[in-house]
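Colleague: The structure is given below, and queries will be raised subsequently.
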Amino acid sequence: MVATIAVILVLILIAAVVFKSIALIPQGEAAVIERLGSYTRTVSGGLTLLVPFIERVRARVDTRERVVSFPPQAVITQDNLTVAIDIVVTFQINDPARAIYGVDNYLVGVEQISVATLRDVVGGMTLEETLTSRETINRRLRGELDAATAKWGLRISRVELKAIDPPPSIQQSMEMQMKADREKRAMILTAEGQRESDIKTAEGEKQARILSAEGEKHAAILAAEAERQATILRAEGERAAKLLNAQGEARAIQKVNAAIKSSEVTPEVLTYQYLDKLPQMAQGEASTMFMIPSQFGDSLELFAKAFANKDEDGVFRYEPAKADDATKEMAGQDDTDAWFETATDPEIARAVAEARAVANKPAESPLSAELGNGPEAPNSLGSGAGSATETSARAIDTQPSQAEDPTLHPEQKQE
Numbered sequence: 001m002v003a004t005i006a007v008i009l010v011l012i013l014i015a016a017v018v019f020k021s022i023a024l025i026p027q028g029e030a031a032v033i034e035r036l037g038s039y040t041r042t043v044s045g046g047l048t049l050l051v052p053f054i055e056r057v058r059a060r061v062d063t064r065e066r067v068v069s070f071p072p073q074a075v076i077t078q079d080n081l082t083v084a085i086d087i088v089v090t091f092q093i094n095d096p097a098r099a100i101y102g103v104d105n106y107l108v109g110v111e112q113i114s115v116a117t118l119r120d121v122v123g124g125m126t127l128e129e130t131l132t133s134r135e136t137i138n139r140r141l142r143g144e145l146d147a148a149t150a151k152w153g154l155r156i157s158r159v160e161l162k163a164i165d166p167p168p169s170i171q172q173s174m175e176m177q178m179k180a181d182r183e184k185r186a187m188i189l190t191a192e193g194q195r196e197s198d199i200k201t202a203e204g205e206k207q208a209r210i211l212s213a214e215g216e217k218h219a220a221i222l223a224a225e226a227e228r229q230a231t232i233l234r235a236e237g238e239r240a241a242k243l244l245n246a247q248g249e250a251r252a253i254q255k256v257n258a259a260i261k262s263s264e265v266t267p268e269v270l271t272y273q274y275l276d277k278l279p280q281m282a283q284g285e286a287s288t289m290f291m292i293p294s295q296f297g298d299s300l301e302l303f304a305k306a307f308a309n310k311d312e313d314g315v316f317r318y319e320p321a322k323a324d325d326a327t328k329e330m331a332g333q334d335d336t337d338a339w340f341e342t343a344t345d346p347e348i349a350r351a352v353a354e355a356r357a358v359a360n361k362p363a364e365s366p367l368s369a370e371l372g373n374g375p376e377a378p379n380s381l382g383s384g385a386g387s388a389t390e391t392s393a394r395a396i397d398t399q400p401s402q403a404e405d406p407t408l409h410p411e412q413k414q415e
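As structure tokens, this is what we get:
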């Protein structure tokens with residue numbers, strides 16, 4: 001029994017010795033080893049053997065980067081305004097032995113040094129500078145904290161100001177100012193937008209006017225060109241119309257002349273028509289008196305000489321000119337027989353016969369006696385019309401009757 005107890009005690013002692021001689025250090029941690037109460041070494045990551053009852057693990061330290069947030073700290077600015085500032089400090093333990101032996105509690109030490117450094121930095125700034133200089137404050141805090149905690153084996157990697165809260169009255173003023181600033185910026189942006197819009201609108205109107213002017217210019221050019229072409233075409237048309245009209249008139253005159261030549265109109269007919277028109281000329285509204293000069297008979301004689309030859313008996317007889325081939329050809333074109341009636345009117349033939357009878361009388365005509373009173377003694381139309389007729393009849397040659405007229409067509413001879 002005693003032996004059994006002894007064996008058990010030996011086993012317990014062996015287990016205790018083994019337990020005391022082995023230390024397992026996880027990754028990311030470091031262990032400070034003391035031997036007989038004195039620092040001997042720092043181990044990290046793995047299995048560590050210790051001398052039983054002589055060496056021990058003094059402390060285990062987390063060597064990973066740690067983020068510590070401290071409560072809001074009341075800080076007075078240079079313009080005597082109290083602000084509450086929350087800071088976040090990120091640090092890492094580089095030397096576990098210094099962190100264990102250099103300071104009682106390095107977390108409290110980091111907090112106190114951070115608050116003191118923050119008050120020192122912010123105390124030299126105004127509220128506006130504090131609110132607008134976060135990067136400057138962070139940089140200064142990190143530098144001063146890193147220098148202060150280096151002896152503790154700590155490395156300050158980053159310091160951030162999480163919040164800066166001014167007093168409520170200041171917050172209201174700031175909110176009003178921020179609101180005014182936002183409204184100001186909004187007005188500026190609105191004005192800038194309106195200005196840009198006006199510029200774009202003006203540019204668009206300018207381009208529209210330019211395009212409209214270009215369009216009007218091209219339209220005016222096209223209209224002017226069209227008017228010029230129309231004027232040219234109208235002038236060409238008028239010229240062609242005048243040319244055709246002149247050619248038509250010339251052709252008509254040629255055809256009329258040819259028709260007259262081919263029809264062999266006698267001077268007796270022309271004289272009768274002339275004498276027949278004298279009363280109508282005298283009856284015109286613009287004529288109140290028609291004077292016949294005393295030499296009217298001589299004029300008729302000259303008129304007869306112009307169109308006839310004097311025969312042996314002293315009477316002028318008209319021999320119509322023979323129409324040449326060109327005249328006959330001209331007269332035969334375009335159905336001129338249907339245009340002009342060349343047959344002698346029966347009334348004209350009777351008048352010509354009467355004129356022949358008067359012309360064959362041996363006695364002198366009374367008209368010659370009246371005309372002999374003086375070269376300038378005028379007679380009225382009413383008293384001289386019959387005498388003029390008798391005098392003109394003397395100048396008319398005796399022509400064959402209608403049945404013997406060689407110029408008449410066969411149809412007229414049958415009538």
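Residue 17 in UniProt numbering sits at position 17 of the sequence shown, and the numbers go up by one each step.
For glycine and all other residues, C-beta sits at the position ideal for the given N, C-alpha and C.
All values reported here derive from a predicted model rather than from experimental measurement.
Would Asp181 and Ile85 be called neighbours here (beta carbons separated by less than 9 angstroms)?
Modeller: In this structure, Ile85 does not lie closer than 9 angstroms to Asp181 by Cβ.
Colleague: Quickly, what does DSSP pair Leu24 with across the bridge? List them, please.
Modeller: Bridge partners of Leu24: Leu47.
Colleague: In the UniProt domain "Band 7" (20-178), which residue ranges form an unbroken beta strand (DSSP E) of at least 3 residues, counting only runs that do not cross its ends?
Modeller: As far as the UniProt domain "Band 7" (20-178) is concerned, its whole beta strand (DSSP E) runs of at least 3 residues are 22-35, 38-49, 55-62, 66-69, 73-76, 82-93 and 154-165.
Colleague: Run the CB neighbour count on Glu354, radius 10 Å, all protein chains shown included, and call it buried at 16 or more, exposed below.
Modeller: Result: exposed.
Colleague: Once the 5 residues before and after Leu118 are set aside, which same chain residues still bring their CB inside 7 angstroms of it?
Modeller: Contacts found: Gln73, Val75, Ile85, Ile87 and Leu141.
Colleague: Where does Met1 fall in DSSP's three states?
Modeller: Of the three classes helix, strand and coil, the one that applies to Met1 here is coil, per DSSP.
Colleague: Expressed to the nearest angstrom, what Euclidean distance is found between the alpha-carbon atoms of Glu196 and Ala208?
Modeller: If I take the Cα positions, the gap works out to 18 angstroms.
Colleague: Taking the C-alpha atoms as reference points, what is the distance between Arg60 and Leu131?
Modeller: Taking the straight line joining both Cα atoms gives about 41 angstroms.
Colleague: Quick one: what's got a C-beta closer than 6 angstroms to Lys162's C-beta in the same chain, skipping five residues either side?
Modeller: For Lys162, where only same-chain residues beyond five positions count, the Cβ hits under 6 angstroms are Asp86 and Val88.
Colleague: Using the C-alpha atoms, what's the distance from Val83 back to Gln177?
Modeller: Each residue's Cα considered, the two are about 18 angstroms apart.
Colleague: With a CB to CB cut of under 6 angstroms and the five nearest residues on each side skipped, what residues in its chain are close to Gln27?
Modeller: Hits under 6 angstroms: Gly45.
Colleague: Take Leu49 and list the residues in its own chain whose beta-carbon comes closer than 8 angstroms to its own, dropping the five residues that flank it on each side.
Modeller: Contacts found: Ser21, Ile22 and Ala23.
Colleague: Nearest by alpha-carbon distance to Leu145: which of Ala250, Gly204, Phe91 and Glu135 is it?
Modeller: The candidate whose alpha carbon is nearest that of Leu145 is Phe91.
Colleague: Are the beta-carbon atoms belonging to Arg56 and Ile33 less than 9 angstroms from one another?
Modeller: Yes, the pair counts as a contact, with Cβ atoms nearer than the cut-off.
Colleague: Compute the Euclidean distance between the alpha carbons of Val121 and Gly204, then round it to the nearest angstrom.
Modeller: Spanning the two alpha carbons is a distance of roughly 57 angstroms.
Colleague: Measuring only the C-alpha atoms, how far is Pro167 from Arg66?
Modeller: Taking the straight line joining both Cα atoms gives about 31 angstroms.
Colleague: Taking the CB atoms as reference points, tell me whether Pro52 and Val10 lie closer together than 9 angstroms.
Modeller: For Pro52 and Val10, no; Cβs fall outside 9 angstroms.
Colleague: Since Asp79 and Thr126 are thought to touch, with beta carbons under 8 angstroms apart, how far apart are those beta carbons, to the nearest angstrom?
Modeller: Asp79 to Thr126, Cβ: 5 angstroms. Contact.
Colleague: If contacts are defined as beta-carbon pairs under 8 angstroms, then Asn94 and Arg155 qualify, I think. What distance do you get, rounded to the angstrom?
Modeller: Between Arg155 and Asn94 the Cβ distance is about 5 angstroms, and since that is below 8 angstroms, they are a contact.
Colleague: Compare the beta carbon distance of Gly153 and Gly109 with 9 angstroms and say whether it is the shorter of the two.
Modeller: No, they are not a contact pair.
Colleague: Exposed or buried, which one is Arg228 when buried takes at least 16 other CB atoms within 10 Å?
Modeller: That one is exposed.
Colleague: Out of Phe19, Ile54, Ser38 and Val68, which one is the CA nearest neighbour of Arg158?
Modeller: Here the closest residue by C-alpha is Val68.
Colleague: Could you name the residues of the same chain whose beta carbon sits closer than 8 angstroms to that of Ile100, not counting the 5 residues immediately before and after it, in chain order?
Modeller: Val32, Arg58, Ala59 and Val61, listed in sequence order.
Colleague: If you check the beta carbons only, do Ile113 and Thr149 fall under 9 angstroms apart?
Modeller: Taking 9 angstroms as the Cβ cut-off, Ile113 and Thr149 qualify as a contacting pair.
Colleague: Could you check which residue in Ala147, Arg98 and Pro71 has the C-alpha nearest to that of Glu111?
Modeller: Answer by Cα proximity: Pro71.
Colleague: Between Glu196 and the ligand ZN, is there a pair consisting of the residue's CB and a ligand heavy atom that are separated by less than 8 angstroms?
Modeller: The ligand content of the structure shown is nil, which means the ligand ZN is not present either.
Colleague: Have a look at Leu244 and Ala213 and give me their C-alpha separation to the nearest angstrom.
Modeller: The straight-line gap from Cα to Cα measures roughly 45 angstroms.
Colleague: Candidates Thr42, Ala202, Glu129 and Asn105: which alpha carbon is nearest Pro96's?
Modeller: Out of Thr42, Ala202, Glu129 and Asn105, Thr42 has the C-alpha closest to the C-alpha of Pro96.
Colleague: Kindly list the residues whose CB is nearer than 6 angstroms to the CB of Val115, restricted to its own chain and excluding five residues on each side of it in sequence; keep chain order.
Modeller: These residues qualify, in order along the chain: Gln73.
Colleague: By a C-beta neighbour count over all protein chains shown, 10 Å radius and 16 as the cutoff for buried, is Thr4 buried or exposed?
Modeller: Classification of Thr4: exposed, given that the 10 Å Cβ count is below 16.
Colleague: If we ignore side chains and look at the alpha-carbon of each, how far apart do Ser392 and Gly237 end up?
Modeller: Since pLDDT at Ser392 reaches only 39, below the 50 mark, its modelled position is unreliable, and the value read off the structure follows with that caveat. If you take the alpha carbons of Ser392 and Gly237, they lie about 50 angstroms apart.
Colleague: Determine the DSSP secondary structure at Leu9, reduced to helix, strand or coil.
Modeller: Residue state, collapsed to three classes: helix.
Colleague: Give me the Cβ distance between Lys151 and Arg98, rounded to the nearest whole Å; I'm assuming they're in contact under 8 angstroms.
Modeller: Contact holds; Cβ gap of about 7 angstroms.
Colleague: So, using beta-carbon positions, are Thr77 and Gly143 closer together than 9 angstroms?
Modeller: It is not a contact, given that the beta carbons lie outside the stated cut-off.
Colleague: Could you tell me if residue 445 is buried or exposed, where buried requires 16 or more neighbouring beta carbons within 10 angstroms of its beta carbon?
Modeller: Lying before the first or after the last residue shown, residue 445 is absent from the chain, which here runs from 1 to 415.
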